[in-house]
Each structure stands twice: as C-alpha cells, then as structure tokens.
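Per the UniProt record's numbering: the sequence shown = residues 1 to 403. Worksheet: the structure to be examined is printed underneath.
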Amino acid sequence: MEPAMRGVAAGRLPARWEELWRRVDDEALDAIVVLGAPGALGPTADSPGNVRFLTGWAPPLGPSGVVLRRGERPVVLAVGPHDARGFRARLGDAADVWQVAGPSALAEMVPPLSRVGVAGLAELPASLADALRGRWREPHPIDAHLHAMRALHYADFADLARAAAAVSDAMVERVLATAAERPVTGAELMVAAEREGRSLGAESAGCWIATGPAPSTTYFEQRELRDVLEKGDRLQIGTTVRYEGFYGQSLRTAVVGAPSALLEEHNHRLLAMQDEIAALMRPGVPLADVAARMDELVGAACPYPAKADPFRFQFCHGLGLSYSEPAMRAVSGAGQADPRFAGAVLAEGMVVEVHPNYSVPDLGHVCAGDMAQVTPAGAVWLTSSARGLARLGDGPGRSRPNS
C-alpha cells in the first residue's frame, strides 16, 4: 500500500499557501507562521494536521513550523536531519527547509516580526510557546482559517480515508483470526493488531482491547490483558489508525461461545443506530442534527441516565487530519464545536466515525464503530470488516459468522 500523499505537494500546496493569505485578508501582517506539535500526540492535537495540510507531511516526534511571507519562498522549520529529510522528500523545491538543532533553536529561527498571523501556538510546550511569543508584539490567531480550509479541501484526502479504513479492517480481521486460534490473551491480540497495521504502512496503528464476560471500560493497558480468553468472554476492539496523517477507526465485538439474549439485543440496537445515522448523513444536513439524533437513539437504548454512565460519550467524530476534525466537531455533540463552526453542515465525501457506545447492567460497555462517508444518497461504510457480533466458538480454532 503506497502512501497516497507523496508527490502531491508540488502541485497543490502553493495554491493552499496563497489561499491562506486570501482568507486571512490582513495587509498589516508581516508573516504567517503555522506551528505544529509532534504528530505522535495523536488525538490530542490539531496543529500537526495544519502543518501536514500545508506541506504534505508532519514529523512524528518533533515540533515544526511553516513561515509564509509575501513575495518570498516559504520556509519550513524542522528539528534535526530526519525531520528535515521528511519535509524535503514531500516538498521538493517548492519551499526551503531549514534544519534546526532543537525546539529552542526553532524559536530563534522564527523572524522577530511585529504583526504575525499564528496557528498552533497553544499546542506547543509552554517554554517554546513563551519563547515564540517573546519574538512578536501582536500574534494574531489564524487557526480557524486553517481548520476551515481543511474542511473545504476535504476531497483531497479521499484516498487516504479509504487506505485508513483498509488498515483498520485488516487489524480487526487479524485479531479475530488470532482469537479463533486460542489459547490467547488480550495482550497478544493487541500486539497482533498493531503489528498488522504497521505492516500495511500506517504511521501509527494503535488499539484498545477489552476482554471478559462484562468489560467495564475500553482503555486497558497491555499489562492488564494477561488472562486467556475463555468460554463466555467477550472480546471488544477499537482501532485508531493514522495513515499519512489521516485518521481511521473501527470498533468490533466478538464472543467466545453463544452470546446471551441481552448481548444479541444490544448488538442489533447498535447496528440499527449506525444504519439510521448513516441514512441521515447527506450533504447539507447540519452536523449538530446528526449528533442530536444519535444522542436520542443512545438515550432510548441505555438503561442509565446520561451522566450516570461513564461509557456514554462522543458517539460520532469527524475523521481527517485530526482524530476529531476541528471544523466538524458539531457532530460530536452540543458544546464540542468552536462557535464559528457550530452551524457546519455535511459535505459530500466527508468521513464520520459513527460509534454508539454505552453501558448495560450485566454486560458492561457495548459499542460498534465504522467509518461512514457522506454521499447524496446517505453515508456508505468505508470500513468493510464484518459488522455485528462475531462468534468465536467454544474451543480452539472454531468460529462462526457474525450475527
């Protein structure tokens, strides 16, 4: 699987730089500086996606910066030789890449200008952010302009969405196949999933795995998953993939032996919720309407009040160059979006992770999750591993189709 973004930089990126200047529309600015936290911060950071949007790449472990000045060649600031090489491989001769010795040196390389449009400053370590602020008198935040551009150019990342979905599918299928060859522990399944994702080109391929008759939460650590799967246990997995910067995710459930009637009931409820939400997701539909309807559906299925259930949270999120794309956060529920994007609507090609999740007495947490891509006829599923409840059978090597 070849990285889909390589080679795109020379053709598309200069137009994005010019568009950013037009959107900012402030003749008093001396420069635009776009700062990126390390990509390995994953779901907690949006700024690596901004740098990637403007350069075609973002470093996994170090901060970076893009300096745009009117009438001059763009400058990309990279920490160390590896990050510099990564940028040069994507940018070619479209921009100058300056290698700096470390984060503190990055601050020294940013020009000490009066009026600067800045994005990403809030996500940098405090010491680096303070050093940068000291070089500017009036830093003017422009993060929202970049977030809007990422949504506007979403179609550019369609191939990445499909690639991320394929990696997520392969991770799930590897886990279910390995679980069918018991004895096996949750820790061994976690390793198998992550190895599979990385082998297919994902820059990160993490997962959570929960096992036992009634899993109480998701984010178990590997050291907590030492028990061998036994009859009556559930196996639940959630992948989080980043492929050339684009995030993908899916959630699946399997059971060793016959599922209880209660588990089957809630499995069917989860799939029905997903299907109803997918049918609703058409161009022009407000993201907030999708969030509100999913909240109603989960509320009808979950026996607990919303605030009493620790596993009832964020049923949908927009996937993109962030785990939760900033301009699409209205789909995650009331109060999640920047007010500037509170009224955002779905556009054709957008990808939303649809994962209802809640708790049930005697079952623990239940969930299902798929990547849904918006079309005029409603969303289609990009993730293609079998939906529903996988049955692993009672003994080693036996499995049955999903229900």
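Cβ coordinates follow ideal geometry from the N, Cα and C atoms, glycine included. Keep in mind that this is a model prediction, so the values were computed, not measured.
To the nearest angstrom, how far is it from the Cα of Trp17 to the Cα of Ala180?
Locating residue 17 in the sequence shown gives position 17, where the first residue counts as 1. Locating residue 180 in the sequence shown gives position 180, where the first residue counts as 1. About 51 Å.
Nearest neighbour of Ala330, chosen from Ala300, Pro286 and Val360 [CA to CA]:
The residue labelled residue 330 in the question sits at position 330 within the sequence shown. Closest option to Ala330, Cα to Cα, is Pro286.
Can we say the region 365-376 touches the region 331-344, given the rule of at least three CB pairs closer than 8 Å?
no
Quick one: which unbroken beta strand (DSSP E) runs of 3-plus residues sit fully inside the region 121-162? Chain order, please.
138-141
Below 8 Å between beta carbons: does that hold for Thr375 and Ser168?
Locating residue 375 in the sequence shown gives position 375, counting from the first residue. Locating residue 168 in the sequence shown gives position 168, counting from the first residue. Cβ distance not < 8 Å, so Thr375 and Ser168 don't count as in contact.
Tell me whether Arg174 sits in a helix, a strand or coil according to DSSP, three-state version.
As a first step, residue 174 is located in the sequence shown; it is residue number 174 there, counting from the start. It is helical.
Is the beta carbon of Leu113 closer than 8 Å to that of Val79?
Sequence index remark: in the sequence shown, residue 79 carries index 79 (1-based). Sequence index remark: in the sequence shown, residue 113 carries index 113 (1-based). Cβ distance not < 8 Å, so Val79 and Leu113 don't count as in contact.
Through-space distance from Ala308 to Tyr154, alpha-carbon basis:
In the sequence shown, counting from the first residue as 1, residue 154 sits at position 154. In the sequence shown, counting from the first residue as 1, residue 308 sits at position 308. Computed Cα separation, rounded: 37 Å.
First through last residue of the alpha helix (DSSP H) which encompasses His268:
For the purposes of this step, residue 268 is taken as the residue at position 268 of the sequence shown. Run containing His268: Ala261 to Leu280, per the alpha helix (DSSP H) assignment.
Please classify Leu152 as buried or exposed, where buried requires at least 16 other C-beta atoms within 10 Å of its C-beta.
On the sequence shown, position 152 is the one that residue 152 refers to. So Leu152 ends up on the exposed side.
From residue 408 to Arg387, what distance separates their C-alpha atoms?
As displayed, the chain neither begins before 1 nor continues past 403, which places residue 408 out of reach and without an answer.
Where do the ends of the beta strand (DSSP E) carrying Asp96 lie?
Counting from 1 along the sequence shown, the entry for residue 96 is found at position 96. First-last of the beta strand (DSSP E) with Asp96: Asp96 to Val100.
Boundaries (first-last residue) of the beta strand (DSSP E) holding Gly364:
If you number the sequence shown from 1, residue 364 lands on position 364. Gly364 to Cys367 is the extent of the beta strand (DSSP E) around Gly364.
Which residues mark the beginning and the end of the alpha helix (DSSP H) in which Glu194 is found?
Looking up residue 194 in the sequence shown gives position 194. Gly186 to Ser199 is the span of the alpha helix (DSSP H), which, as asked, contains Glu194.
Which whole-angstrom value describes the C-beta separation of Leu363 and Leu271, a residue pair presumed to lie in contact below a C-beta threshold of 8 Å?
Residue mapping note: residue 363 aligns to position 363 of the sequence shown, counting from 1. Residue mapping note: residue 271 aligns to position 271 of the sequence shown, counting from 1. Contact doesn't hold; Cβ gap of about 16 Å is too wide.
Could you name the residues that DSSP lists as bridge partners for Asp370?
As a first step, residue 370 must be located in the sequence shown, where it is residue number 370. Asp370 pairs with Val354.
Bridge partners - Thr44, DSSP secondary structure assignment
The count along the sequence shown starts at 1 and reaches residue 44 at position 44. DSSP, once it has assigned bridges, lists no residue as partnering Thr44.
Using the three-state DSSP reduction, which class does residue 413 fall into: helix, strand or coil?
In the structure displayed, the chain extends from 1 to 403; residue 413 sits before or after that span and is not available.
Is the region 92-107 touching the region 115-122 in the sense that three or more CB pairs, one from each, lie closer than 8 Å?
no
Can you tell which of Glu224, Arg88, Arg242 and Ala148 has the C-alpha that lies nearest to the C-alpha of Pro43?
Along the sequence shown, read from residue 1 onward, the residue named residue 43 stands at position 43. For Pro43, the nearest C-alpha among the options comes from Arg242.
I need the DSSP call for Gly248, collapsed to helix, strand or coil.
Mapped onto the sequence shown, residue 248 falls at position 248. Gly248 falls in the strand class under three-state DSSP.
Just verifying my parser: in three-state terms, what is the DSSP assignment at Gln236?
By one-based count along the sequence shown, residue 236 stands at place 236. It is a strand residue.
State the CB to CB distance for the pair Leu128 and Ala187, rounded to an integer number of angstroms; the pair is presumed to be in contact (CB under 8 Å).
Taking the first residue of the sequence shown as position 1, residue 128 is located at position 128. Taking the first residue of the sequence shown as position 1, residue 187 is located at position 187. The Cβ separation is near 36 Å, so there is no contact.
Output needed for Phe311: all residues of its chain with C-beta closer than 7 Å, excluding positions within five of it in sequence on either side, in chain order.
One-based indexing of the sequence shown puts residue 311 at position 311. Cβ neighbours of Phe311 beyond the five flanking positions: Thr217, Asn357, Tyr358, Ser359 and His365.
If you draw a straight line from the C-alpha of Leu200 to the C-alpha of Arg340, how long is it?
Translated into the one-based positions of the sequence shown, residue 200 becomes position 200. Translated into the one-based positions of the sequence shown, residue 340 becomes position 340. If you take the alpha carbons of Leu200 and Arg340, they lie about 37 Å apart.
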